[in-house]
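Quick notes on the structure that follows.
Chains as they are written, first to last, in the working numbering: chain A, 1 to 236; chain B, 1 to 226.
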């Protein structure tokens, strides 16, 4: 199986502090990897490196065989970070149409309208984002990340601020994306939802990879199992 | 072509936000009008000497008003981490800088147009006598100012004192462009034909635009990501 993401002996420092330490991980094309870890473990840093937003000091990173900053890798990526990445003064439709245009999507307005419908924001399409609730913003951000049918989806806490219906909608979107062969990497603290979708799990503690492997049935039954088995904090 | 289309999309988005909020245009327009008004009290409007310094006064006002516009260019991308979203998308750094420069250009040209009206009224200068040459000069000089503004707007966007730092950095760089624009403007306001002296300054403007646009495009990735 070809690898969508290849990390080899990756080190990332903030000043003298090593945020990622000697991290090696491969994620196969079409896999869904749940990136788990406590606050400050290095999950967001890793996702930002994969999105080409953060330079690193040592090691190799390849996204679809390319450097994360390459035009090809950026075109194939869909990134949702901590910020929702949409403009407050534009409407939902205008935001999506702008991102569709820069992604080179044909008929950007109709593609945007379709995605607003998918995330349940069709009725708020012309409303400025500053009037959106937190959950609506997150749904718009998800539509923005999925808009150009990316081959690699990098999602940082995608379940944040979503209610149960929106979580079901996101789960459906992620399942659909996997069905069309997209690779998913999602960092989250919502273990149950993440493990239900994930095919693989990577657990990070203090910038080190503690566990990487397939998601097992045991993990689904007891989501905290990984932390207990593989982290020092969990063992304590 | 794809890069140009992306740049135009970025410019269009910035102008749509600006038309809605009017935060840069209102500040820059009001600043330009007030300065021109204050200087009209300080000098004797209509005197030949005033017309001689008209070009200098106008281009300094444009440069100062421009700083107010350029400060917002990349600051607009900070809420909700929009800059990160753009940088992780298919938009290249060069397209992003080019788009920001286009938006800066159009906003600053609007302020210049307003300023010229005020200038005509308070200084009794008939600037409309050579409209095509003046328009060409404004576009050429304003493009240079806009590119520099976009580049250094990106570099200072994360600084706490960016409103202060941006003008401090860009004005020294703009000196050759401003001298060239002032010399040609003074000739136009005096209704003198443009001779070899003015054409030389015209070439300086052109070279300045080409060099700084090329540098901005070549260094865009380094400026925006690192």
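Even for Gly, the Cβ is constructed at its ideal location relative to N, Cα and C.
| Item | Value |
| --- | --- |
| Residue 148 of chain B and residue 129 of chain B - do their beta-carbons sit closer together than 8 Å? | no |
| Does the beta carbon of residue 21 of chain B come closer than 8 Å to any beta carbon on chain D? | The structure shown contains no chain D; the protein chains it does contain are A and B. |
| Where residue 236 of chain A and residue 44 of chain A are concerned, what is the direct C-alpha to C-alpha distance, given to the nearest angstrom? | Bear in mind that the predicted position of residue 236 of chain A carries a pLDDT of just 48, short of 50, making it unreliable; the figure below should be weighed with that in mind. Straight-line Cα distance between these residues: approximately 24 Å. |
| How big is the Cα-Cα spacing for residue 189 of chain B and residue 59 of chain B? | 13 Å |
| Check whether chain B comes within 8 Å of residue 56 of chain A, counting only Cβ atoms and requiring the distance to be less than that. | no |
| Helix, strand or coil for residue 138 of chain B? Go by DSSP, reduced to three states. | helix |
| Could you pull out every residue in the same chain whose Cβ sits closer than 7 Å to the Cβ of residue 18 of chain B, ignoring the five residues on either side in sequence? | 24, 25, 107 |
| What did DSSP end up calling residue 64 of chain A once you bin it into helix, strand or coil? | coil |
| For chain A, check one thing: does any of its Cβ atoms lie closer than 8 Å to the Cβ of residue 85 of chain B? | yes |
| Rounded to whole angstroms, what's the CA-CA distance from residue 215 of chain A to residue 203 of chain A? Just pull it up for me. | 11 Å |
| What residue range does the alpha helix (DSSP H) around residue 38 of chain A cover? | Per DSSP, residue 38 of chain A belongs to no alpha helix (DSSP H) and is neither H nor E. |
| Just to confirm the assignment, what range does the beta strand (DSSP E) spanning residue 78 of chain A have? | 77-80 |
| Indicate the three-state DSSP secondary structure (helix, strand or coil) for residue 125 of chain B in the structure shown. | coil |
| Mind the definition here: the stretch 207-223 of chain A touches the stretch 8-23 of chain A only if three or more C-beta pairs lie below 8 Å; say whether that holds. | yes |
| Please classify residue 218 of chain B: is it buried, with 16 or more other beta-carbons within 10 angstroms of its beta-carbon, or exposed? | exposed |
| Cα separation between residue 205 of chain A and residue 40 of chain A? | 8 Å |
| Give me whichever residues DSSP pairs with residue 200 of chain A in a beta bridge. | A/33, A/214 |
| Using a Cβ-Cβ cutoff of less than 6 Å, which residues in the same chain neighbour residue 103 of chain B once the five nearest sequence positions on both sides are dropped? | 11, 14, 15 |
| State yes or no: is the C-beta of residue 64 of chain A within less than 8 Å of the C-beta of residue 200 of chain A? | no |
| Do the stretch 87-97 of chain B and the stretch 93-103 of chain A meet, that is, are 3 or more Cβ pairs less than 8 Å apart? | yes |
| Could you tell me whether any Cβ in chain A is nearer than 8 Å to the Cβ of residue 2 of chain B? | yes |
| On the premise that residue 93 of chain A lies in contact with residue 242 of chain A, defined as a C-beta separation below 8 Å, what is that separation, rounded to the nearest angstrom? | The structure shown has nothing for residue 242 of chain A, since chain A only spans 1 to 236. |
| Look at residue 142 of chain A and residue 47 of chain A and say whether their C-beta atoms are less than 8 Å apart. | no |
| If contact means a Cβ-Cβ distance below 8 Å, which residues of the stretch 70-103 of chain A contact chain B? | 71, 74, 75, 77, 79, 81, 82, 83, 84, 85, 86, 87, 88, 89, 90, 94, 98, 99, 101, 102, 103 |
| With a Cβ-Cβ cutoff of 8 Å, do residue 94 of chain B and residue 3 of chain B count as a contact? | yes |
| What is the rounded straight-line gap between the Cα of residue 240 of chain A and the Cα of residue 231 of chain A? | Chain A is shown from 1 up to 236; residue 240 of chain A falls before or after that span and cannot be answered. |
| Check residue 3 of chain A in the structure and name its three-state DSSP category. | strand |
| Is DSSP giving residue 220 of chain A helix, strand or coil here? | helix |
| Can you give me the C-alpha to C-alpha distance between residue 194 of chain A and residue 34 of chain A, rounded to a whole angstrom? | 6 Å |
| Taking 7 Å as the limit between beta carbons, can you name the residues of its chain near residue 186 of chain A, skipping five residues before and five after? | 34, 35, 155, 158, 194 |
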